[in-house]
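4 protein chains.
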Amino acid sequence: MKTAQTAQTDAAQVRAGVRTGAGIRTKVKAKRMPREVRERQMLDAAVEIFARRGYAAASMDEIAELAGASKPLVYLYLNSKEDLFSACIRRESEALVTAVRSGIDPEASPDGRLWSGLLGFFAHTAAHPDAWAVLHCQARTHGEPFASAVCAMRQEIVDVVTQLIAATAREAACAVEPDGREITGLAHALVGAAESLAAWANTSGDAAPSEKETAATLMNLVWAGLGNLMNGRCWSATRP
Amino acid sequence: MKTAQTAQTDAAQVRAGVRTGAGIRTKVKAKRMPREVRERQMLDAAVEIFARRGYAAASMDEIAELAGASKPLVYLYLNSKEDLFSACIRRESEALVTAVRSGIDPEASPDGRLWSGLLGFFAHTAAHPDAWAVLHCQARTHGEPFASAVCAMRQEIVDVVTQLIAATAREAACAVEPDGREITGLAHALVGAAESLAAWANTSGDAAPSEKETAATLMNLVWAGLGNLMNGRCWSATRP
Amino acid sequence: MKTAQTAQTDAAQVRAGVRTGAGIRTKVKAKRMPREVRERQMLDAAVEIFARRGYAAASMDEIAELAGASKPLVYLYLNSKEDLFSACIRRESEALVTAVRSGIDPEASPDGRLWSGLLGFFAHTAAHPDAWAVLHCQARTHGEPFASAVCAMRQEIVDVVTQLIAATAREAACAVEPDGREITGLAHALVGAAESLAAWANTSGDAAPSEKETAATLMNLVWAGLGNLMNGRCWSATRP
Amino acid sequence: MKTAQTAQTDAAQVRAGVRTGAGIRTKVKAKRMPREVRERQMLDAAVEIFARRGYAAASMDEIAELAGASKPLVYLYLNSKEDLFSACIRRESEALVTAVRSGIDPEASPDGRLWSGLLGFFAHTAAHPDAWAVLHCQARTHGEPFASAVCAMRQEIVDVVTQLIAATAREAACAVEPDGREITGLAHALVGAAESLAAWANTSGDAAPSEKETAATLMNLVWAGLGNLMNGRCWSATRP
DNA sequence: CATGAATGAGTGTTCATTCAT
DNA sequence: CATGAATGAACACTCATTCAT
Numbered sequence: 001m002k003t004a005q006t007a008q009t010d011a012a013q014v015r016a017g018v019r020t021g022a023g024i025r026t027k028v029k030a031k032r033m034p035r036e037v038r039e040r041q042m043l044d045a046a047v048e049i050f051a052r053r054g055y056a057a058a059s060m061d062e063i064a065e066l067a068g069a070s071k072p073l074v075y076l077y078l079n080s081k082e083d084l085f086s087a088c089i090r091r092e093s094e095a096l097v098t099a100v101r102s103g104i105d106p107e108a109s110p111d112g113r114l115w116s117g118l119l120g121f122f123a124h125t126a127a128h129p130d131a132w133a134v135l136h137c138q139a140r141t142h143g144e145p146f147a148s149a150v151c152a153m154r155q156e157i158v159d160v161v162t163q164l165i166a167a168t169a170r171e172a173a174c175a176v177e178p179d180g181r182e183i184t185g186l187a188h189a190l191v192g193a194a195e196s197l198a199a200w201a202n203t204s205g206d207a208a209p210s211e212k213e214t215a216a217t218l219m220n221l222v223w224a225g226l227g228n229l230m231n232g233r234c235w236s237a238t239r240p
Numbered sequence: 001m002k003t004a005q006t007a008q009t010d011a012a013q014v015r016a017g018v019r020t021g022a023g024i025r026t027k028v029k030a031k032r033m034p035r036e037v038r039e040r041q042m043l044d045a046a047v048e049i050f051a052r053r054g055y056a057a058a059s060m061d062e063i064a065e066l067a068g069a070s071k072p073l074v075y076l077y078l079n080s081k082e083d084l085f086s087a088c089i090r091r092e093s094e095a096l097v098t099a100v101r102s103g104i105d106p107e108a109s110p111d112g113r114l115w116s117g118l119l120g121f122f123a124h125t126a127a128h129p130d131a132w133a134v135l136h137c138q139a140r141t142h143g144e145p146f147a148s149a150v151c152a153m154r155q156e157i158v159d160v161v162t163q164l165i166a167a168t169a170r171e172a173a174c175a176v177e178p179d180g181r182e183i184t185g186l187a188h189a190l191v192g193a194a195e196s197l198a199a200w201a202n203t204s205g206d207a208a209p210s211e212k213e214t215a216a217t218l219m220n221l222v223w224a225g226l227g228n229l230m231n232g233r234c235w236s237a238t239r240p
Numbered sequence: 001m002k003t004a005q006t007a008q009t010d011a012a013q014v015r016a017g018v019r020t021g022a023g024i025r026t027k028v029k030a031k032r033m034p035r036e037v038r039e040r041q042m043l044d045a046a047v048e049i050f051a052r053r054g055y056a057a058a059s060m061d062e063i064a065e066l067a068g069a070s071k072p073l074v075y076l077y078l079n080s081k082e083d084l085f086s087a088c089i090r091r092e093s094e095a096l097v098t099a100v101r102s103g104i105d106p107e108a109s110p111d112g113r114l115w116s117g118l119l120g121f122f123a124h125t126a127a128h129p130d131a132w133a134v135l136h137c138q139a140r141t142h143g144e145p146f147a148s149a150v151c152a153m154r155q156e157i158v159d160v161v162t163q164l165i166a167a168t169a170r171e172a173a174c175a176v177e178p179d180g181r182e183i184t185g186l187a188h189a190l191v192g193a194a195e196s197l198a199a200w201a202n203t204s205g206d207a208a209p210s211e212k213e214t215a216a217t218l219m220n221l222v223w224a225g226l227g228n229l230m231n232g233r234c235w236s237a238t239r240p
Numbered sequence: 001m002k003t004a005q006t007a008q009t010d011a012a013q014v015r016a017g018v019r020t021g022a023g024i025r026t027k028v029k030a031k032r033m034p035r036e037v038r039e040r041q042m043l044d045a046a047v048e049i050f051a052r053r054g055y056a057a058a059s060m061d062e063i064a065e066l067a068g069a070s071k072p073l074v075y076l077y078l079n080s081k082e083d084l085f086s087a088c089i090r091r092e093s094e095a096l097v098t099a100v101r102s103g104i105d106p107e108a109s110p111d112g113r114l115w116s117g118l119l120g121f122f123a124h125t126a127a128h129p130d131a132w133a134v135l136h137c138q139a140r141t142h143g144e145p146f147a148s149a150v151c152a153m154r155q156e157i158v159d160v161v162t163q164l165i166a167a168t169a170r171e172a173a174c175a176v177e178p179d180g181r182e183i184t185g186l187a188h189a190l191v192g193a194a195e196s197l198a199a200w201a202n203t204s205g206d207a208a209p210s211e212k213e214t215a216a217t218l219m220n221l222v223w224a225g226l227g228n229l230m231n232g233r234c235w236s237a238t239r240p
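Residue numbers (full-length UniProt numbering), protein chains in the order written: chain A, 1 to 240; chain B, 1 to 240; chain C, 1 to 240; chain D, 1 to 240.
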């Protein structure tokens, strides 16, 4: 009977340790699993390899092996190396944006909302360093289709931050309504700072700061400035 | 007369626009130039191609063509792809550090010095986006020799910023001596914010803010926070 | 019917004669053959090209084409030019040693054994002139790994000859035990003479002597001298 | 004044030790020498490099450097790598044939003439191992023009030996007039044996036998057989 | 004639991708 | 669907050769 067979096959699942270069992950060699699952495994493997080797140096052989699938199957499901890379970027972009969005507590105070958004960002990038490496370092340097996908994701985050800052301004009934353009600039600066900190934290090895520390560093750096700006107080270059 | 004709032909050295893939630059096809000049052209071309395609995907053929030289000549002068990449990193690192250092007016006040340093960094990265892409995105993801070279450069800039902040702290007779690790984090955040702003400014088309405006945005965002930090005042998450 | 047509086409696999440079061999272009067979074809082609052009001048392209396969397949199976050359040497060495060994009738008299050994050596080198060219001319002039492999093979043959001569000496109850170094020299002389005769026979066209005649010529030339040496009788330069 | 200048230049002749790979020779860098001398230096260098690296792997740069001349001059005098190689073969072939011919004492007895011819051959190949390596190993494996040049040289030597054997037969008033074809075969065998012994002696390093020893080995091997043949006594395969 | 800038043509090697079984 | 045979197209790198100065 099919059920019994499947059960048996499941029980006898081959679990083999694989070492690919400095690879540590364990490859699960199981036959006949639903496409959805297989595809996820392929994307997992691809993200890992792309992060480790870079887009161009990553080999489809290695990805297929790490995914525990045959190369023709990878092509059947994901068409080409480019499409595979695109799929990685799409999945990881969405995951990151979701993590940031869902980290924000809409009931919190303005600074609390910014804080929780940052915390979501840093927690996600710390938990998925390969994904972050792909998005931050690989995707932007390998041709238009990839770069613009990442750009769109970035824009989404910038929008979130922009709305956060605008809301802050409104709630503070601030003296000077800052213009939209300046707010967008501030959002870009904030996101850039966060990205840079995330990359730094991920590559700091053992001495990496916790997500809370990283987020606090950034809040310390910018919150006072944001508050000043909301009240029309500017730093002025006394001696340009 | 033949002599005159030849002279004329020589004088009217062929200047042909070339399009290599998405290439836009104009290649100057001039034969027999001193090694120094050719080498600079090669580095220029290499930086551009490395930025556009990434280290691994960049082809020596394309670099040579863009440099207006043949591949063997590139190898004669620069030995190998690795060496060429190293040479790019070295040259661009030094240029960037020099730009930042020489932008700082040592007579200025602490905030003025930070302002002018940012402005220098900013102006340079905006003027040489390819160089910055190579340093920031490529060099760190392609093996030790490159990564450490970039790391050294980054450290120099962080040092500059660190000294700036430290000087600020001293002049402010600040209550709390900030620790080195936190300063490094702040420097990374600053650099990331600056980079992001630069990219945003570069892609804003007509409405692009001037470098001074961009730098002012960043100063507004961070100067107050830096001041607070120097005095031991932190933002605290009231509702974590 | 389409099925029938396809079947026919499959059955009538394209057999095309190819001329590569001065190539004469007929290449069999058959797709999808077992690895073992393809590998043998590759080695055949490699031996031919290495013999014709020399190790350094032989191109993997030409070898692949003559083998009726693509270059990547050659690399998949044989890894590199060096490994391919090694494989050739190994295969041909073993074949030659086997030919010599299996040609010797252990029941025969000493001279009969030498005769049959020569005949075996001779027949093999005449039948596989490319293989002999690779072993004799190429392998020794291209670096240690190759040289020592050929050296080992040569030693095996010298050993065979040595044992033959030693047996002769024993049976003849010879007066003087010849030293090993001299025997090695004699073996080299014999091999050189045999090789030279083989080449001469090969290029004599219609008037070419049979292998047996050639072998007889050599036996006539050396047997008496060998017998003398075994008995301590030397030719002496009466007038140096 | 020109004379003074030249004198000065001559006095300041650069004498630089060069190390090319395992190279040991000392390069004499002298300007303005007669073409004949320069050409000889070039051929010397070429023979050395061709022997050390093989024809294909030898680089014109290295040859020019070892010859102490500029590359364009090498091309001016010798046209191309092929022509240079041909010139080497021609010069060394002639030298070898001359050495063999002039070594033979026409007054000597038959065996004395053979002996002295062999001695000349072995002495020359031992004194010029690079030349012999080029003739024996390189020239025959790099295409028709070279192979046939060497073949012609070889034929000259075979002719010399053939005449020697024929003269021997005549002088011995031998019982059976051996036919010309058999004598030619014997000559080929002899020459091949000598070649093989020369190569062996040259590659034996420190333990290399002297020329007299080598020649004696060969005489011991063949003289008795030759004598027998001249008298119609053949070895016969008792048990073929 | 030396110097050194310059290159066309080719080398060994790799990899994404396909297809028959 | 896994297996493995098969390849087109490219890539880094080298070298004999030329020519202006």
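All C-beta atoms in this analysis are idealised placements derived from N, C-alpha and C, irrespective of residue type, glycine included.
Asked, Found
"Please work out which residues of its chain come closer than 6 Å, Cβ to Cβ, to D:C234, disregarding the five sequence neighbours upstream and downstream, and give them in chain order.", "none"
"So, helix, strand or coil for C:M153, using DSSP?", "helix"
"In this structure, does DSSP put B:R32 in helix, strand or coil?", "coil"
"Are the CB atoms of C:A224 and D:N231 nearer to each other than 8 Å?", "no"
"State the Cα-Cα distance for the pair A:L108 and A:K212, rounded to the nearest angstrom.", "One detail in the question is off: residue 108 of chain A reads as Ala in this sequence, not Leu. The straight-line gap from Cα to Cα measures roughly 17 Å."
"Under 8 Å between C-beta atoms, does A:C137 make it to chain B?", "yes"
"For B:T141, return the contacting residues in chain A, with the cut-off set at a CB-CB distance below 7 Å.", "G54, C137"
"Could you give the distance in angstroms between the alpha-carbon of A:W132 and the alpha-carbon of A:E92?", "8 Å"
"8 Å is my cut-off, CB to CB: does B:E92 come that close to chain A?", "no"
"Kindly indicate which three-state DSSP category C:N202 falls into: helix, strand or coil?", "helix"
"If we ignore side chains and look at the alpha-carbon of each, how far apart do A:V47 and D:H136 end up?", "58 Å"
"Can you list, in chain order, the residues of its chain whose CB lies under 7 Å from that of residue 246 of chain B, leaving out five sequence neighbours each side?", "Absent from the model: residue 246 of chain B. The displayed extent of chain B is 1 to 240, so no value can be given."
"Could you have a look at residue 263 of chain A and say whether DSSP puts it in helix, strand or coil?", "Nothing can be reported for residue 263 of chain A, as the shown portion of chain A is limited to 1 through 240."
"Measure from the C-beta of C:G185 to each C-beta in chain D and report whether the shortest distance is under 8 Å.", "yes"
"Keeping to the same chain, check which residues put their C-beta closer than 8 Å to that of B:A95; ignore five residues upstream and five downstream.", "H124, H128, A131"
"Do B:G185 and A:T162 have their C-beta atoms within less than 8 Å of each other?", "no"
"Less than 8 Å between C-beta atoms, sequence neighbours within five positions excluded: which residues of the same chain meet that for D:A149?", "S86, I89, R90, S93, A139"
"Where does residue 250 of chain C sit, in a helix, a strand or coil, going by DSSP?", "What the structure shows of chain C is the stretch from 1 to 240, and residue 250 of chain C is not part of that stretch, so it cannot be assessed."
"Smallest Cα separation from B:D83: which of B:R113, B:M42, B:R32?", "B:M42"
"If you draw a straight line from the C-alpha of A:A189 to the C-alpha of B:K81, how long is it?", "35 Å"
"Can you give me the Cβ contacts of B:Y77 inside the same chain, cut-off strictly under 6 Å, excluding the 5 residues immediately before and after it?", "E39"
"Fully enclosed by the stretch 48–120 of chain D, which alpha helix (DSSP H) runs are 4 residues long or longer?", "60–67, 71–78, 81–103"
"Counting only Cβ pairs nearer than 8 Å, list the residues of chain D close to C:M42.", "Near C:M42 there are no residues of chain D at all, since even the closest Cβ is about 21 Å away, more than 8 Å."
"Does B:P209 get closer than 8 Å to chain A when you measure Cβ to Cβ?", "yes"
"If you follow the alpha helix (DSSP H) that D:T217 is in, where does it begin and where does it stop?", "211–230"
"I need the boundaries of the alpha helix (DSSP H) containing A:A131, first residue and last residue.", "129–133"
"Within 10 angstroms of its Cβ, does A:V37 collect 16 or more other Cβ (buried), or is it exposed?", "exposed"
"Listing by chain order, which chain A residues have their CB less than 8 Å from the CB of B:T217?", "E182, G185, L186, A189"
"Is there a C-beta anywhere in chain C that falls below 8 Å from the one on D:N228?", "yes"
"Taking a contact to mean a Cβ-Cβ separation below 8 Å, would you say A:A187 touches A:W115 in this structure?", "no"
"Excluding the 5 residues preceding and the 5 following D:L119 in the sequence, name in chain order all residues of the same chain whose CB lies nearer than 8 Å to its CB.", "G103, E211, K212, A215"
"Residues of chain A with CB closer than 7 Å to the CB of B:E144, please, in chain order.", "Under the 7 Å cutoff, chain A gives no residues; its nearest Cβ is about 13 Å from B:E144."
"Can a CB atom of chain C be found closer than 8 Å to the CB of D:V222?", "yes"
"How big is the Cα-Cα spacing for C:D179 and C:T141?", "28 Å"
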